[in-house]
Structures are given as structure tokens and as C-alpha cells.
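This report concerns only the one structure given below.
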Amino acid sequence: MIDQNTNTVKSILNNIFDSVGIADKESFKNAPDKYHPKNILEGFESVIVYAQGNKNSSEQDMGSFSDLWGSLAAQNEVVKFLESLGYKSIIISGTSRSVSLVKMGILAGIGELSPVNSLVIKGLGLTASLAAIITEAPLIPDEEISGVCIKCMKCMDVCPATDIAYQRNPDKCGCGKCRNICPV
């Protein structure tokens with residue numbers, strides 16, 4: 002049944018999103034308490050993370066899905082499916098500050114951390130917008146991946162929040178200059 006539920010969830014989301022991954026509760030055993038999914042849904046068992054990106058997107062597109070209505074419909078369909086099975090589920094938008102969508106994306110196996118502390122996803126580079134569903138449903142987790150980021154440092158070279166020693170000041174981040182320069 003867990004296999005079937007996992008496949009159904011992924012099938013719904015893969016119709017609209019470019020990348021979908023799942024992390025289980027065990028993946029978060031070392032997560033900081035301040036950003037832990039249990040703060041949003043105490044009895045959570047799984048976190049479903051999904052991304053959509055476009056290598057030709059602009060800085061104005063940061064944090065938004067290209068098909069807003071389609072993405073909302075897919076997310077709501079997953080929540081309704083899981084709730085029909087008796088599992089509470091909560092959608093986490095890309096603007097949430099309660100959890101780290103980047104860290105959750107890493108644990109769910111959809112990408113890895115870039116030098117500018119963003120999620121780099123194969124084929125999407127740094128252009129992906131992220132969201133997640135935290136659920137009580139037990140689902141099959143994906144393996145974390147590595148080797149996505151090629152460490153070319155192009156993102157660091159254009160980042161205005163980076164000094165000459167490649168140290169970043171994340172408080173100055175948000176311009177999006179790194180988004181389309183990533184060759185991944």
C-alpha cells in the first residue's frame with residue numbers, strides 16, 4: 002500500500018512539476034529544532050518536495066511556479082488524496098520561513114546544495130521554485146543525490162553578496178543573478 006500511495010502522489014505531481022522527491026521522518030533526525038517539520042505537523046511521517054524551473058526565467062520569476070493554477074490544483078489533489086486515506090497533510094509554500102525548503106529538497110533527493118546555498122537541480126540549475134507537502138502518510142523516501150553541482154563557481158562570481166574570499170553574506174542575497182548563469 003505504501004508503494005501504491007507513493008506512486009500515486011508522484012504521478013499527480015510529476016504531471017506539473019519538473020522534479021519530485023520524498024524524505025521520511027528518519028531523514029530529519031539531525032534537523033535543527035527551529036526548522037524541523039514536526040513544528041508544522043507533529044506526527045509527520047514524510048515530506049514531499051517538488052520543484053519547477055526554467056533556464057530562461059527572469060529574476061522576477063523567482064519563487065513562483067510558471068503554471069500557478071496547475072500547481073495549486075496538483076498540490077490540492079495530493080492533499081485530498083492523502084486526507085482520503087486518513088492522513089493529515091499541509092502544503093508549504095516557497096515563501097515559508099518555518100522550514101528550509103532547500104534542506105528538505107536535499108533530503109528528498111531532488112538536488113544538492115550550491116555554493117550560494119541554493120538548491121541546484123539537474124537540468125534546472127538554480128532556477129527552481131520549491132514547495133512541499135508535510136504529511137502523516139508513510140511514503141517511500143528517495144535517496145539523497147550528489148554530483149549535481151559541478152563546482153564551477155559561476156554563481157559565486159556573479160553574487161553581489163560574496164566578497165573576494167568567497168564568503169557570502171546571505172542577508173544581501175535575493176537578486177537572482179546566479180539563477181541563469183548555472184550551467185547544470
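Position in the sequence shown (first residue = 1) + 1 = our numbering.
The beta carbon of each residue, even a glycine, is placed where N, CA and C say it ideally should be.
Taking Cβ to Cβ, would you say residue i is nearer than 8 Å to residue j?
i    : j    : result
S90  : V103 : no
A52  : I122 : yes
Y36  : S101 : yes
S47  : L140 : yes
A162 : Q76  : no
I17  : G95  : no
Tell me the rounded alpha-carbon separation between residue i and residue j.
i    : j    : result
Q5   : K11  : 10 Å
M154 : R180 : 13 Å
G44  : D158 : 42 Å
I49  : I135 : 6 Å
E137 : L69  : 26 Å
E78  : L14  : 9 Å
Any heavy atom of the ligand MN inside 7 Å of the beta-carbon of residue i?
i   : result
I49 : Among the ligands in the structure shown, none appear at all, so the ligand MN cannot be discussed.
Tell me which same chain residues have a C-beta within less than 7 Å of the C-beta of residue i, skipping the five on either side of it?
i   : result
S28 : L108 and P142
Could you check how far apart the C-beta atoms of residue i and residue j are, in whole angstroms? I think they sit under 8 Å.
i    : j    : result
G186 : G106 : Because residue 186 is not part of the residues shown, which for the chain are 2 to 185, the question remains open.
If you drop the 5 nearest sequence neighbours on each side, which residues of the same chain put their C-beta closer than 8 Å to that of residue i?
i    : result
I151 : P184 and V185
E144 : G110
Ends of the alpha helix (DSSP H) at residue i?
i    : result
S12  : I3 to N15
I107 : L102 to L108
Would you kindly report the start and end of the unbroken beta strand (DSSP E) that includes residue i?
i    : result
S218 : Since the displayed the chain opens at 2 and closes at 185, residue 218 lies outside it and no answer follows.
V48  : S47 to Q53
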